[in-house]
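For reference, the structure is listed below as structure tokens.
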Amino acid sequence: MTVIDVGEADFEAEVIERSATVPVVVDFWAEWCGPCRALGPLLEQAAGAREGQVVLAKVDTDANPNISRAFGIQGIPAVKAFRDRALVSEFVGAQPPRVVERFFDALVPSEAELLAASGDEDSLRRALALEPGRADAAVPLARLLIGRGALDEALAVLADVRDSFQADGLRARIRLAQADQLGDALAALDAGHDEQAFELLLASLPDDDVRALIVGELDRRGAEDPLVRTTRRRLAAALY
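Given below as structure tokens:
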């Protein structure tokens, strides 16, 4: 169902939990609100046009004052979008159709995003053909290419990627490999022996490529990883 009425009893399930699998746009409205009556059909049309990719949940603020207070609703119409159980975007007041369409478009994954999420080589290449520079496609594709020794092609794949620690790290790794440096550390990374690899890399600081490679591989593992926290402290101590 694309459009649903939601109240205090089912808001958690129908909005917050549902947003873990599909984006949910919440329209806070009231019967007496003229701008709400103008905006409502635009929201419903936008949700319907996306054929289940976005759910529109309508909350009557008069009938559900606790929800309104919880989300700090001070004026209506107020529209809030949830994805992965979190508020990701919002606006207040009636908006023209083009603004509503852009709001919904930002919630729906693009074709390139869906291809990148697939993860296989063909899909990653197609994602980059549609949107060059997507880190979520270029980085895994570059890793595949590095794994089979296609270093120049991996560099080409990463050429358009900006603001990505992992892409910077892979570029540094390729330069080290091409210079025939730190082969044992790179082999340890390839074998999944990250702790051993970090030991060897830390011993080779303060080389800039080594630093970039460590930072990129730490980013790959994620901030909550105990090995990441320990290695970051050691990296900072070695550099500063």
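Note that our numbering has the sequence shown beginning at 30, numbered continuously upward. We put the CB at the ideal spot given by N, CA and C, even for glycine.
Cutoff 7 Å; reference residue i; Cβ partners in own chain excluding five residues on either side
{"i": "residue 173", "result": "150"}
{"i": "residue 191", "result": "162"}
{"i": "residue 198", "result": "241, 242, 244, 245 and 246"}
{"i": "residue 96", "result": "37, 40 and 88"}
{"i": "residue 92", "result": "36"}
{"i": "residue 148", "result": "169"}
{"i": "residue 102", "result": "57 and 90"}
Cα-Cα separation, residue i to residue j
{"i": "residue 202", "j": "residue 242", "result": "6 Å"}
{"i": "residue 229", "j": "residue 265", "result": "16 Å"}
{"i": "residue 43", "j": "residue 238", "result": "48 Å"}
{"i": "residue 204", "j": "residue 219", "result": "16 Å"}
{"i": "residue 40", "j": "residue 209", "result": "58 Å"}
{"i": "residue 31", "j": "residue 81", "result": "6 Å"}
{"i": "residue 122", "j": "residue 99", "result": "19 Å"}
{"i": "residue 130", "j": "residue 75", "result": "6 Å"}
{"i": "residue 52", "j": "residue 78", "result": "14 Å"}
{"i": "residue 248", "j": "residue 69", "result": "42 Å"}
{"i": "residue 256", "j": "residue 224", "result": "7 Å"}
{"i": "residue 64", "j": "residue 104", "result": "11 Å"}
{"i": "residue 175", "j": "residue 227", "result": "19 Å"}
{"i": "residue 59", "j": "residue 253", "result": "43 Å"}
{"i": "residue 232", "j": "residue 261", "result": "14 Å"}
{"i": "residue 156", "j": "residue 62", "result": "44 Å"}
{"i": "residue 133", "j": "residue 83", "result": "8 Å"}
{"i": "residue 94", "j": "residue 125", "result": "27 Å"}
{"i": "residue 46", "j": "residue 34", "result": "15 Å"}
Exposure label - residue i; buried when at least 16 CB within 10 Å
{"i": "residue 181", "result": "exposed"}
{"i": "residue 128", "result": "exposed"}
{"i": "residue 72", "result": "buried"}
{"i": "residue 48", "result": "buried"}
{"i": "residue 55", "result": "buried"}
{"i": "residue 67", "result": "exposed"}
{"i": "residue 207", "result": "exposed"}
{"i": "residue 196", "result": "buried"}
{"i": "residue 146", "result": "exposed"}
{"i": "residue 200", "result": "buried"}
{"i": "residue 158", "result": "exposed"}
Cβ-Cβ separation, residue j to residue i (assumed contact under 8 Å), whole Å
{"i": "residue 107", "j": "residue 57", "result": "4 Å"}
{"i": "residue 136", "j": "residue 114", "result": "Not a contact, Cβ separation roughly 14 Å."}
Same chain, Cβ closer than 8 Å to residue i, neighbours up to 5 away in sequence not counted
{"i": "residue 268", "result": "234, 235 and 240"}
{"i": "residue 211", "result": "205, 229, 230, 233 and 239"}
Close-in-space but distant-in-sequence residues of the same chain around residue i (CB under 6 Å, 5 per side omitted)
{"i": "residue 160", "result": "141"}
Exercise. Touch check for the stretch 161-170 and the stretch 135-145: three-plus C-beta pairs under 8 Å?
Worked result: yes
Exercise. Within the chosen definition, does the stretch 179-193 reach the stretch 212-224 through at least 3 CB pairs nearer than 8 Å?
Worked result: no
Problem set entry | the stretch 116-124 contacting the stretch 78-89, beta-carbon criterion three pairs below 8 Å | no
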